[in-house]
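Working notes for the structure below.
In the UniProt record's numbering, the protein residues as written are 1 to 248.
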């Protein structure tokens, strides 16, 4: 009898010899395939139970269909096909409200919870393996339906406004406002300078460098105007325009 199941195949060499003269012999290799014996029942890992106590789960009364209540997890010490596990809802206070996934053990709502549903629900979930003879175990889960709990995560994500859209609108408003103010300031300075010097020939040139300041030189006035603007990535930078007003 093989007690340890550390290997699936055992190999042995066998030699047969006669008593003739001269003695003749032959060798052969025997392969022994060790199959797993389904002698272990599934063991529940979650929800954990201590000293036979029942595990309590909570869910909001506002939960919709498909809300994840809990997930039952179990393992089997056997190997191969014998360790395959299947979950099913054996008993329930209201079988129309909950369902259990056959392969994952997820417990979800089949429909939306109503005000008429009992606030205390009990589920008995059976876990079976795929061996012969079949081994199984059960776990009991109590579910408390309460008011005031948070909405399901899926519903919250649907109601949340995309922050990128909100930021994009603010950036657009700022760009329009700053562009209008910059253009207005530029036109105002230009008109004032033209009125102060009506008989002089003016030339306007643009440059992309320089802070806000006035520099007076002989026959030349340099006017710097700073106007902040947005890059496409959303970062704020500054657009520095240099207005040269040269007199002939």
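Here a beta-carbon is modelled for each residue, glycine too, at the ideal position from N, C-alpha and C.
Judged by beta-carbon spacing, residue 107 lies within the 8 Å limit of residue 69, meaning their Cβ atoms are closer than that value. Between the segment 118 to 125 and the segment 33 to 41 there are fewer than three inter-stretch CB-CB distances shorter than 8 Å, so the stretches are not counted as touching. C-alpha of residue 101 to C-alpha of residue 79: approximately 22 Å in a straight line.
When beta bridges are read from the DSSP output, residue 87 appears opposite 127. Rounded to whole angstroms, residue 90 and residue 126 show a C-alpha spacing of 6 Å. Secondary structure at residue 56: strand, using DSSP grouped into helix, strand and coil. Judged by DSSP secondary structure, residue 137 falls within the beta strand (DSSP E) whose first and last residues are 136 to 146. No residue range can be given for residue 21, since it is assigned to no beta strand (DSSP E) and is classified by DSSP as neither H nor E.
Residue 169 carries a helical assignment under DSSP once its states are collapsed to helix, strand and coil. In this model, residue 65 and residue 172 are separated by some 40 Å (Cα to Cα).
From the listed residues 24, 134, 34, the smallest Cα separation to residue 11 is found for 34. Of all alpha-carbon atoms in 18, 67, 9, 134, the one lying nearest the alpha-carbon of residue 31 is that of 9.
In the structure shown, residue 73 adopts extended strand secondary structure according to DSSP, grouped into three states.
Note that the C-beta distance between residue 60 and residue 146 is below 8 Å.
Burial check for residue 143: the Cβ neighbour count within 10 Å reaches 16 or more, so the residue is buried.
Taking the CA atoms as reference points, residue 183 sits about 16 Å from residue 193. According to the DSSP secondary-structure assignment, residue 106 is paired through a beta bridge with 71.
Residue 113 and residue 63 do touch by the CB rule: their CB atoms are close to 5 Å apart, below 8 Å.
For residue 122, DSSP records a beta bridge to 142.
Assigned with DSSP and collapsed to three states, residue 176 falls in helix.
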